[in-house]
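Below: the structure, in structure tokens.
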Amino acid sequence: MKKIYLDHAATTPVDKNVLKAMLPYFSGKFGNAMSIHSFGQEALEAKDKAREQLAVFFNCELSEVIFTSGATESNNLAIKGVLRSYYSKFYSLKGAKKAIMPQLPFNKTKIRPHIITSSFEHHCVLDTCKTLEKEGMADVTYLPVYKKGIIKIQDVKKAIRPETILISIMYVNNEIGTVQPIKEIGKLIREKKKEKKEEGELYPLFHTDATQAANYFDCDAEKLGIDLLSVSAHKIYGPKGVGALYVRKNTPIKRIQDGGDQEYKLRAGTHNVPGIVGLGKAVEQIRTQNSKGGSKKILDLRNHLIKRILTEIPKSHLNGSKENRSPNNANFRFDNVEGEGLVLSLDMEGIAVSTGSACSSGALDPSHVLLAIGLKPEQAHGSLRLTLGKNTTRKEIDMAVDKIKETVKRLRKISGSVLEEF
Ligand code: PMP
3 MKKIYLDHAA TTPVDKNVLK AMLPYFSGKF GNAMSIHSFG QEALEAKDKA
53 REQLAVFFNC ELSEVIFTSG ATESNNLAIK GVLRSYYSKF YSLKGAKKAI
103 MPQLPFNKTK IRPHIITSSF EHHCVLDTCK TLEKEGMADV TYLPVYKKGI
153 IKIQDVKKAI RPETILISIM YVNNEIGTVQ PIKEIGKLIR EKKKEKKEEG
203 ELYPLFHTDA TQAANYFDCD AEKLGIDLLS VSAHKIYGPK GVGALYVRKN
253 TPIKRIQDGG DQEYKLRAGT HNVPGIVGLG KAVEQIRTQN SKGGSKKILD
303 LRNHLIKRIL TEIPKSHLNG SKENRSPNNA NFRFDNVEGE GLVLSLDMEG
353 IAVSTGSACS SGALDPSHVL LAIGLKPEQA HGSLRLTLGK NTTRKEIDMA
403 VDKIKETVKR LRKISGSVLE EF
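Note that our numbering gives residue 101 to position 99 of the sequence shown, counting from 1, and the numbers run on in steps of one.
In structure tokens:
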């Protein structure tokens with residue numbers, strides 16, 4: 003049985019050109035990119051080439067690209083690194099200007115630095131914010147995302163306080179694929195910064211987790227007006243365990259991991275050279291794929307999938323905005339059907355789909371994303387995420403829809419639900 007993989011938001015297969023580019027750096031060219039001998043220089047050259055490929059992708063300078071172990075680390079570095087810099091400046095600048103350091107840290111009676119994020123970020127952002135709140139290091143506002151799964155600019159505007167140091171909003175949601183108005187937020191923040199008359203005022207900074215966006219959406223830092231942007235290789239046909247953080251020049255940020263001087267002293271640890279080479283090749287290929295109409299092909303297939311499911315399966319619903327979502331994402335819920343049961347049954351038929359984020363799919367708690375768009379816990383349990391990839395075919399989609407139809411019908415029968423349509 004040929005298996006059908008429709009879980010590209012969880013991870014993607016490594017592209018054959020990416021693999022080919024990486025292979026020499028595991029064995030023959032195994033040097034440490036920090037060594038000064040020829041082995042090291044060979045690795046350094048490869049790493050520099052990847053940095054150039056990312057700089058083209060982000061439309062930025064080479065020194066604005068920081069390699070990490072993936073988006074989890076990039077997001078942690080962006081948020082904790084900015085906060086750490088904020089606090090370290092407070093202690094090093096005696097008599098710091100009120101505009102730069104508007105409050106006393108650690109004094110619970112005073113105002114703490116403020117972070118704005120959304121209520122349906124990936125756990126690596128949400129949990130980071132929650133930890134910082136618990137430790138008394140920051141106050142956090144979690145913006146609502148409403149039924150369509152999209153934040154409102156007015157909410158961002160209203161939430162900004164004088165002590166807001168960071169706004170972190172994901173580009174594309176990993177479960178329901180909805181696209182956030184990143185460019186508009188970037189514009190708003192730039193205006194806000196201009197309004198602040200005090201010299202030297204750098205805050206608020208703007209970070210976006212572009213992990214699920216990088217394949218299909220513009221990651222040009224200038225056009226987006228962002229200061230920090232996270233990506234991960236394994237979501238874009240690159241290897242697992244490597245990612246990058248775009249950091250705008252002069253952004254106040256400190257490293258969160260102590261050690262060597264790698265990555266402009268912002269990320270200590272021996273470089274994952276094969277991984278970095280793979281990430282570079284992966285971002286380079288995105289441009290070629292999209293210019294060849296790759297995302298349009300996926301969009302048409304995805305629309306075909308949504309149409310068939312909603313018309314052929316009674317009491318099925320699409321979660322999140324239909325228009326404003328990533329071209330490869332469809333997330334449904336089926337009344338009276340448990341999502342986990344559906345995923346397991348489909349897996350037995352050779353179809354790989356998911357209920358939501360792979361990072362928490364072992365948990366039985368309803369998805370925080372689906373609760374954030376206003377679903378009741380029992381509705382959130384009945385969801386199914388299908389995410390297409392560049393090699394997905396129409397035949398695969400049709401086979402998957404036929405199997406989903408059959409399985410939903412069977413599970414509803416088992417659960418004793420009486421639906422006249424079946
Ligand atoms: N952010 C988002 C939106 C994601 O989808 C993921 C992966 N599920 C991550 C962050 C974490 O990425 P990584 O696996 O590279 O740590």
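C-beta atoms are modelled at their ideal positions from N, C-alpha and C, and glycine is treated no differently.
Fair warning: this is a prediction, and the values are worked out from it, not measured in the lab.
Item	Value
Return the first residue and the last residue of the alpha helix (DSSP H) that V345 is part of.	341–350
Can you tell me whether DSSP reads F336 as helix, strand or coil?	strand
Less than 8 Å between the beta carbons of T180 and G341, yes or no?	no
Would you kindly work out how many angstroms separate the C-alpha atoms of Y248 and Q259, rounded to a whole number?	17 Å
Relative to the C-alpha of M24, which candidate in I278, T409, K51, L390 has its C-alpha closest?	I278
Am I right that I288 and A216 are in contact with their C-beta atoms under 8 Å? What's the rounded C-beta distance?	7 Å
Measuring straight from C-alpha to C-alpha, what distance separates R163 and V142?	11 Å
Based on Cα-Cα distance, which residue from L281, D222, E186 lies nearest to C62?	D222
Would the C-beta of H236 count as close to the ligand PMP, meaning under 7 Å from any of its heavy atoms?	yes
Comparing C-alpha positions only, which one of P379, I353, K160 sits nearest to D408?	Note that residue 408 is Glu in the sequence shown here, rather than Asp. That would be I353, whose Cα lies nearest to the Cα of E408.
So does H124 have its beta carbon nearer than 7 Å to some heavy atom of the ligand PMP?	yes
So L190 packs on K159, CB below 8 Å; how close in whole Å?	6 Å
Taking the continuous alpha helix (DSSP H) assigned at I399, which residues delimit it?	396–416
For a quick check, are the C-beta atoms of L320 and N333 less than 8 Å apart?	yes
Report all residues from its chain with a CB closer than 6 Å to the CB of N331; omit the five preceding and five following residues, and keep chain order.	G179, T389
Tell me I68's beta-bridge partners as DSSP assigns them.	L247
Measuring CB atoms only, is the segment 264–274 touching the segment 291–302, in the sense that at least three cross pairs come out at less than 8 Å?	no
Where K195 and I187 are concerned, what is the direct C-alpha to C-alpha distance, given to the nearest angstrom?	12 Å
In whole angstroms, what separates the C-alpha of G30 from that of S40?	12 Å
For the alpha helix (DSSP H) that T133 lies in, which residues bound it at each end?	125–136
I need the DSSP call for N331, collapsed to helix, strand or coil.	strand
Would you call the CB atoms of Y205 and I171 closer than 8 Å?	no
Check whether the Cβ atoms of A140 and P115 lie closer than 8 Å to each other.	yes
When you compare each of G271, M36, R53, G227 to E193 by their alpha carbons, which one comes out closest?	G227
What does DSSP give as the partner residues of T210 in its beta bridges?	L231
With a CB to CB cut of under 6 Å and the five nearest residues on each side skipped, what residues in its chain are close to L134?	A140
Determine whether the beta carbon atoms of F60 and A374 lie at a separation below 8 Å.	no
On the criterion of 16 or more Cβ atoms from any shown chain inside 10 Å, does G384 qualify as buried, or is it exposed?	buried
Whose C-alpha, out of G343, G33, S232, is nearest the C-alpha of Y173?	S232
Taking 7 Å as the cut-off, is the C-beta of D211 nearer than that to any heavy atom in the ligand PMP?	yes
Mind listing, in chain order, the continuous beta strand (DSSP E) runs of no fewer than 3 residues lying wholly within the segment 145–213?	166–170, 207–211
Give a yes or no on whether the C-beta atoms belonging to G72 and V244 are separated by under 8 Å.	yes
Give the DSSP-derived three-state secondary structure of L388 in the structure shown.	strand
Could you pull the start and end residues of the beta strand (DSSP E) that L320 belongs to?	318–320
According to the Cβ coordinates, are N78 and T130 closer than 8 Å?	yes
Indicate whether at least one CB of chain C lies closer than 8 Å to the CB of K185.	Of the protein chains in this structure there is only one, and it is not chain C.
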